[in-house]
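Novice: Below is the structure I would like to discuss, written out as structure tokens.
2 protein chains.
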Amino acid sequence: MGFRFVKNNFVRLYNAVWIAKSNKMQLTQYTDFSLRVLIYLSQKKPGELATISEIAGFYGISRNHLVKVVHNLATYGFIQTTRGKNGGMCLARPAAEIGIGEVVRHTEPNLDIAECFNKENNSCVISPVCALKSILDDARNSFMQTLDRYTIANALSQQHGLSKKINIEFLR
Amino acid sequence: MGFRFVKNNFVRLYNAVWIAKSNKMQLTQYTDFSLRVLIYLSQKKPGELATISEIAGFYGISRNHLVKVVHNLATYGFIQTTRGKNGGMCLARPAAEIGIGEVVRHTEPNLDIAECFNKENNSCVISPVCALKSILDDARNSFMQTLDRYTIANALSQQHGLSKKINIEFLR
DNA sequence: TTATAAAATGCATTTTGTATACATCAATAG
DNA sequence: CTATTGATGTATACAAAATGCATTTTATAA
Numbered sequence: 001m002g003f004r005f006v007k008n009n010f011v012r013l014y015n016a017v018w019i020a021k022s023n024k025m026q027l028t029q030y031t032d033f034s035l036r037v038l039i040y041l042s043q044k045k046p047g048e049l050a051t052i053s054e055i056a057g058f059y060g061i062s063r064n065h066l067v068k069v070v071h072n073l074a075t076y077g078f079i080q081t082t083r084g085k086n087g088g089m090c091l092a093r094p095a096a097e098i099g100i101g102e103v104v105r106h107t108e109p110n111l112d113i114a115e116c117f118n119k120e121n122n123s124c125v126i127s128p129v130c131a132l133k134s135i136l137d138d139a140r141n142s143f144m145q146t147l148d149r150y151t152i153a154n155a156l157s158q159q160h161g162l163s164k165k166i167n168i169e170f171l172r
Numbered sequence: 173m174g175f176r177f178v179k180n181n182f183v184r185l186y187n188a189v190w191i192a193k194s195n196k197m198q199l200t201q202y203t204d205f206s207l208r209v210l211i212y213l214s215q216k217k218p219g220e221l222a223t224i225s226e227i228a229g230f231y232g233i234s235r236n237h238l239v240k241v242v243h244n245l246a247t248y249g250f251i252q253t254t255r256g257k258n259g260g261m262c263l264a265r266p267a268a269e270i271g272i273g274e275v276v277r278h279t280e281p282n283l284d285i286a287e288c289f290n291k292e293n294n295s296c297v298i299s300p301v302c303a304l305k306s307i308l309d310d311a312r313n314s315f316m317q318t319l320d321r322y323t324i325a326n327a328l329s330q331q332h333g334l335s336k337k338i339n340i341e342f343l344r
């Protein structure tokens, strides 16, 4: 489902050795859906609106979940929404001006925080001398900086004439 | 607790807007504990063993959980364990030769997989033309490559004489 | 002005994975 | 043989994501 790292057959035993599929260090479906909505909208003609039901139907995903995703995207100014009959949504900016990292930052909240010593909760006795916080900070920054090099416009492969094919599907 | 990004006061509404603390895109306690065990062991004198109870007591964490962590670390050759009376564990290699990335790869299984089109589960209609998979691959590789630049020996700050202080605490 | 269609909002429920507890088994020292 | 320590497997608790449902608000068309 989508591009996520999630839901594969890799099984690890967690008790004893590794048991089940982990879902940490992965983006949420929330982010997945957010990006896919933006990709969908990027294929619309200028001025044309898409509805939540239309997008949910296209991808075959939960309409209810998408409602929240769309609202969030609107709140942070990635899309513009119009209520009422013939309403819908469209990109608030050109796809080439919407950074993947920017979107992820608004859908994966804890990315910005590497909290080693939470004032209340810190119970790690070595935190005063522990450098892991900065090491992980460093790694997470690398992750986000890489995402920042891409935009929604980069998210569809332009090779092999497939973008034309997808247009047809999208706007059928 | 520890260095993790987890458990902070950042609250987002998830329904409607954002509700609760997300815990995605974060390392598990499993990894947290794994690294902390290795850090602890790196402060032991050569030949000296530590027990699970000792480490659990030192950090004030669940002994039961630590049992699995230790077993996993032994399975992948990071530590050597000895059962029975006067048993315990020690590092299998010098701390400077144990990479953070290497450890994380053995405790966060799904890091290696950016599965966009799972043979059975793929339901994303645009996956044939979707470039998000490679974009996320790229970002995740940046993350891991950064971790690969550090070892367990780098995980304790050597500044301000704190490493001496921690030694005392550790080996008291 | 009324009917309709769309997003906005809030709450409830289900699902899933992590964390934890608990109960034994296996091995080693003395 | 017995005590101690890791190894192993099962069961339970909890938190967060995902999903579903109901209602409200807003805008447009007829």
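Chains L and D supply the protein sequences, listed in that same order. According to our numbering, the first sequence is numbered sequentially starting from 1. According to our numbering, the second sequence is numbered sequentially starting from 173. Glycine residues also receive a C-beta, built at the ideal position from the N, C-alpha and C atoms. Just so we're clear, the structure is a prediction, and the values are computed from it rather than from any experiment.
(1) Run down chain D in chain order and give the residues with a C-beta less than 9 Å from the C-beta of Tyr150 of chain L.
(2) What residues in its chain sit with their C-beta under 6 Å from that of Ala74 of chain L, if we drop five residues either side in the sequence?
(3) Can you tell me the Cα-Cα spacing of Ala139 of chain L and Asp320 of chain D, whole angstroms?
(4) State yes or no: is the beta carbon of Ile52 of chain L nearer than 8 Å to at least one beta carbon in chain D?
(5) Apart from the five residues just before and just after Gly273 of chain D, which ones in its own chain have a Cβ nearer than 7 Å to its Cβ?
(6) Measuring CA to CA, which of L:Arg93, L:Ser53, L:Ile61 and L:Ala131 is closest to Gly47 of chain L?
(7) Based on the DSSP secondary-structure assignment, which residues constitute the bridge partners of Ala179 of chain L?
(8) Contact criterion: CB-CB distance below 8 Å. Does Tyr248 of chain D meet it with respect to chain L?
(9) When the Cα of Ile39 of chain L is compared with those of L:Asp137, L:Ser134, L:Tyr59 and L:Ser53, which residue comes out closest?
(10) What residue from L:Leu156, L:Ala96 and L:Phe33 has the CA that sits closest to Asn72 of chain L's CA?
(11) In the DSSP output, what is Gly271 of chain D paired with across the bridge?
(12) Excluding sequence positions up to five away, which residues of its chain have a Cβ less than 7 Å from the Cβ of Ser53 of chain L?
(13) For the alpha helix (DSSP H) that contains Ile211 of chain D, what are its first and last residues?
(14) Span of the beta strand (DSSP E) holding Thr75 of chain L?
(15) If we call anything under 8 Å between Cβ atoms a contact, is Leu221 of chain D one with Gly271 of chain D?
(16) Whose C-beta lies closer than 7 Å to the C-beta of Val239 of chain D among residues of the same chain, with five residues either side of it excluded?
(17) When DSSP labels each residue in this structure, what does Thr279 of chain D get in the three-state scheme?
(18) Please decide whether Leu35 of chain L counts as near chain D, where near means a Cβ-Cβ distance under 8 Å.
(19) For Lys21 of chain L and Ala303 of chain D, what's the separation of their Cα atoms in angstroms?
(20) Less than 8 Å separating the beta-carbons of Leu263 of chain D and Ser214 of chain D?
(21) Checking contacts by CB at 8 Å: is Ile227 of chain D closer than that to chain L?
(22) Quick check: the Cα distance between Glu97 of chain L and Gln29 of chain L, rounded to an integer number of angstroms?
(23) So with Cβ pairs under 8 Å, would you call Ala327 of chain D a contact of chain L?
(24) Here's a check: name, in chain order, each residue in its chain whose Cβ is nearer than 7 Å to the Cβ of Thr203 of chain D, leaving out the five neighbours to either side.
(25) Could you pull out every residue in the same chain whose Cβ sits closer than 7 Å to the Cβ of Ile174 of chain L, ignoring the five residues on either side in sequence?
(26) What is the C-beta distance between Ile324 of chain D and Ala267 of chain D, in whole angstroms, given that I count them as a contact (C-beta under 8 Å)?
(27) Among the residues of its own chain, which have a CB less than 7 Å from the CB of Asn167 of chain L, if the five just before and after it don't count?
(28) Along chain D, which residues have their Cβ under 8 Å away from the Cβ of Ser42 of chain L?
(29) Using only the alpha-carbon positions, how far apart do Met89 of chain L and Ala327 of chain D sit?
(30) Closer than 6 Å by C-beta to Tyr76 of chain L: which residues in its own chain qualify, once you throw out the five before and the five after it? Chain order, please.
(31) Who does Thr146 of chain L pair with in a DSSP beta bridge?
Specialist: On the basis of the supplied data:
(1) Ala303, Leu304, Ile307, Asp310 and Ala311
(2) Thr81
(3) 9 Å
(4) no
(5) Met316, Leu319 and Asp320
(6) L:Arg93
(7) Because residue 179 of chain L is not part of the residues shown, which for chain L are 1 to 172, the question remains open.
(8) no
(9) L:Tyr59
(10) L:Phe33
(11) D:Thr323
(12) Arg63
(13) Gln201 to Ser214
(14) Thr75 of chain L -> not in any beta strand (DSSP E); alpha helix (DSSP H) instead, spanning Arg63 to Thr75.
(15) no
(16) Ile224
(17) coil
(18) yes
(19) For Lys21 of chain L, the predicted model reports a pLDDT of 34, less than 50, meaning its position is unreliable and no value from the coordinates is stated.
(20) yes
(21) no
(22) 23 Å
(23) yes
(24) Val276, Thr279 and Glu280
(25) Given a span of 1 to 172 for chain L in the structure shown, any question on residue 174 of chain L remains unanswerable.
(26) 4 Å
(27) Residue confidence is low: Asn167 of chain L scores 40 on pLDDT, short of 50, so the model does not pin down where it sits. No coordinate-derived value is stated.
(28) In chain order: nothing, as chain D lies at least about 11 Å away.
(29) 48 Å
(30) His106
(31) In DSSP, Thr146 of chain L forms no bridge with anything.
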